[in-house]
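Colleague: In our numbering, the protein residues as written are 7 to 379.
Note that CB positions come from ideal geometry on N, CA and C, so glycine has one too.
I am attaching a structure below and will ask some questions about it afterwards.
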């Protein structure tokens, strides 16, 4: 089974559900074990975790990191289909395609004896409710090394920066009244929409950086009102702010809390990701990709609007980047991954492992500097 066929198989599991996650994890575990790779299957917060390690005890250590879970989709999205170079299906791009190529590459490097490679796979990357994520749990349990690659879709570029996450649940207060006389009350739902527009107009929203045009601000959920004939006196909105490296998330939160009748009642936060462009592992990964795919000037330095669990490794002091295959439409109705890029991504990961010993003569110990914004 190659990376394309493996992607097709994984798409058939609805891994927006716990049952689908468990079934897919069992399949991946069995696939690797059938190829003589020992896999440890555990759970964290009721969701499956997979870990495996190959290579020597010493030398440079690489972590290949992926996730099985997807956002919900329509039933037909779990039936993979091919149109030319495009493989369509929920998770094809984010990130069952990248995960499948990573699994194949991990099997390809299992017999080499110069680089220690951990494969780790979680099932809660898309979750919004779990604070103690599977990736954090893996880090706490020692799945660290010199460099990590999270297989999020990047079109075979290397994501050396990613925006931070400041997700806020905001309660907006109004005044109740009878629905027949709305002018007597103060509609909290309408005020909440105005609150969101004010957040979009705060000074931080107009800032930019070298790799990003602006922060991202999204109104993801709005809940208000308890009767059709009543002016709602409270409304709750979930606002997802992806802020730039160098911006102060506490200052952003304080600015939101200063808005009239708005109160932040819950926060989920992740720092921005920053890895130096000249990190020797980044340079080696860029060289590996260039050997199997068309070279571009942007390979070594792109910014990622979305966040990922790569930050779990970064916050532990370990350089980590996002790098995955090409495609488009993640979280959308027509999600697809390039079949050709799957084979290129698999080949690039194998090439990267082959390159490392020569590029790191000191066995992975170097004086690079990692910054966490």
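#1: Locate the alpha helix (DSSP H) running through residue 358, then write down its first and last residues.
#2: Bridge partners of residue 236, per DSSP?
#3: Looking only at its chain, what residues have a beta carbon closer than 6 Å to the beta carbon of residue 67, apart from the 5 residues adjacent to it on each side?
#4: Start and end of the alpha helix (DSSP H) containing residue 258?
#5: If I follow the unbroken alpha helix (DSSP H) through residue 220, where does it start and stop?
#6: So what does DSSP say about residue 83, is it helix, strand or coil?
#7: Do residue 179 and residue 236 count as a contact pair if the criterion is CB distance below 8 Å?
#8: With distances taken between CB atoms, is the gap from residue 209 to residue 249 smaller than 8 Å?
#9: Kindly provide the ranges of any alpha helix (DSSP H) runs that are 4 or more residues long and lie completely inside the segment 41-124, ordered along the chain.
#10: Closer than 7 Å by C-beta to residue 20: which residues in its own chain qualify, once you throw out the five before and the five after it? Chain order, please.
#11: For residue 215, which residues from the same chain have a beta carbon less than 7 Å from its beta carbon, with the 5 sequence-adjacent residues on both sides left out?
#12: Buried or exposed for residue 71, going by 16 or more other Cβ atoms inside 10 Å?
#13: Among 158, 116, 111, whose alpha-carbon lies nearest the alpha-carbon of residue 128?
#14: Which residue from 261, 117, 338 puts its Cα closest to that of residue 207?
#15: If you pair each beta-carbon of the segment 45-52 with each one of the segment 262-273, do three or more pairs fall below 8 Å?
#16: With a cut-off of 8 Å, do at least 3 Cβ pairs link the segment 91-106 to the segment 51-65?
#17: With H, G and I counted as helix, E and B as strand and the rest as coil, what does DSSP make of residue 27?
#18: Could you check if residue 201 is buried or exposed, using at least 16 other CB atoms within 10 Å of its CB as the buried criterion?
#19: Counting C-beta neighbours from all protein chains within 10 Å, is the total for residue 124 16 or more, i.e. buried, or is it exposed?
#20: Note down, in chain order, each residue of its chain lying with its Cβ closer than 7 Å to the Cβ of residue 10, except the 5 sequence neighbours on either side.
#21: Measure from the alpha carbon of residue 358 to the alpha carbon of each residue in 115, 32, 332, 245, then state which is nearest.
#22: Spatial neighbours of residue 263 within its chain, please: CB distance less than 8 Å, with the 5 preceding and 5 following residues excluded, ordered by chain position.
#23: Could you check what DSSP says for residue 195 in three-state terms: helix, strand or coil?
#24: When burial is assigned at 16 or more other CB atoms within 10 Å of the CB, is residue 240 buried or exposed?
#25: Is the Cβ-Cβ distance between residue 363 and residue 120 less than 8 Å?
#26: Quick check on the burial criterion: 16 or more other C-beta atoms within 10 angstroms. Buried or exposed for residue 146?
#27: For residue 175, report the span of its beta strand (DSSP E) as first-last.
#28: Just tell me which of 160, 233, 111 has its CA closest to the CA of residue 314.
Modeller: Concretely, from the data shown:
#1: Position 352 of the chain shown, counted from the start, is the residue given in the question as residue 358. Run containing residue 358: 345-365, per the alpha helix (DSSP H) assignment.
#2: In the chain shown, counting from the first residue as 1, residue 236 sits at position 230. BP columns for residue 236 point to 184.
#3: For the purposes of this step, residue 67 is taken as the residue at position 61 of the chain shown. Answer for residue 67: 122, 151, 152, listed in chain order.
#4: In the chain shown, residue 258 corresponds to position 252, counting from 1. Residues 255-263.
#5: Locating residue 220 in the chain shown gives position 214, counting from the first residue. That residue, residue 220, is in no alpha helix (DSSP H); it is neither H nor E in DSSP.
#6: In the chain shown, counting from the first residue as 1, residue 83 sits at position 77. Residue state, collapsed to three classes: helix.
#7: Here residue 236 corresponds to residue number 230 of the chain shown, with the count starting at 1. Here residue 179 corresponds to residue number 173 of the chain shown, with the count starting at 1. No. Outside cutoff.
#8: Here residue 209 refers to the residue found at position 203 of the chain shown. Here residue 249 refers to the residue found at position 243 of the chain shown. Cβ distance not < 8 Å, so residue 209 and residue 249 don't count as in contact.
#9: 103-114
#10: As a first step, residue 20 is located in the chain shown; it is residue number 14 there, counting from the start. For residue 20, where only same-chain residues beyond five positions count, the Cβ hits under 7 Å are 26, 84.
#11: Looking up residue 215 in the chain shown gives position 209. Around residue 215: 250, 251, 252.
#12: What you label residue 71 is simply residue 65 of the chain shown in a count that begins at 1. Residue 71 should be labelled buried.
#13: Within the chain shown, numbered from 1, the residue matching residue 128 stands at position 122. The residue with the shortest Cα to Cα distance from residue 128 is 158.
#14: Your numbering for residue 207 matches position 201 in the chain shown. Comparing Cα positions, the closest option is 261.
#15: no
#16: no
#17: On the chain shown, residue 27 is found 21 positions in, with the first residue counted as 1. If DSSP states are grouped into helix, strand and coil, residue 27 belongs with the helices.
#18: On the chain shown, residue 201 is found 195 positions in, with the first residue counted as 1. Buried, because 16 or more other Cβ atoms sit within 10 Å of the Cβ of residue 201.
#19: Here residue 124 refers to the residue found at position 118 when the chain shown is read from its first residue. The residue is buried, with at least 16 neighbouring Cβ atoms inside 10 Å.
#20: Position 4 of the chain shown holds residue 10. Closer than 7 Å at Cβ, skipping near neighbours: 93, 345, 348.
#21: Here residue 358 is taken as the residue at index 352 of the chain shown, counted from 1. Measuring from the Cα of residue 358, the nearest candidate turns out to be 115.
#22: Taking the chain shown and counting its residues from 1, one reaches residue 263 at position 257. So the list reads 269, 270, once near-sequence residues are dropped.
#23: By one-based count along the chain shown, residue 195 stands at place 189. It is helical.
#24: Position 234 of the chain shown, counted from the first residue, corresponds to residue 240. Residue 240 comes out buried.
#25: On the chain shown, position 357 is the one that residue 363 refers to. On the chain shown, position 114 is the one that residue 120 refers to. Yes, the Cβ-Cβ distance between residue 363 and residue 120 is below 8 Å.
#26: If you number the chain shown from 1, residue 146 lands on position 140. Residue 146 should be labelled exposed.
#27: Walking along the chain shown from the start, residue 175 turns up at place 169. Note, residue 175: beta strand (DSSP E), 170-179.
#28: The sequence position of residue 314 within the chain shown is 308, counting from 1. It is 160.
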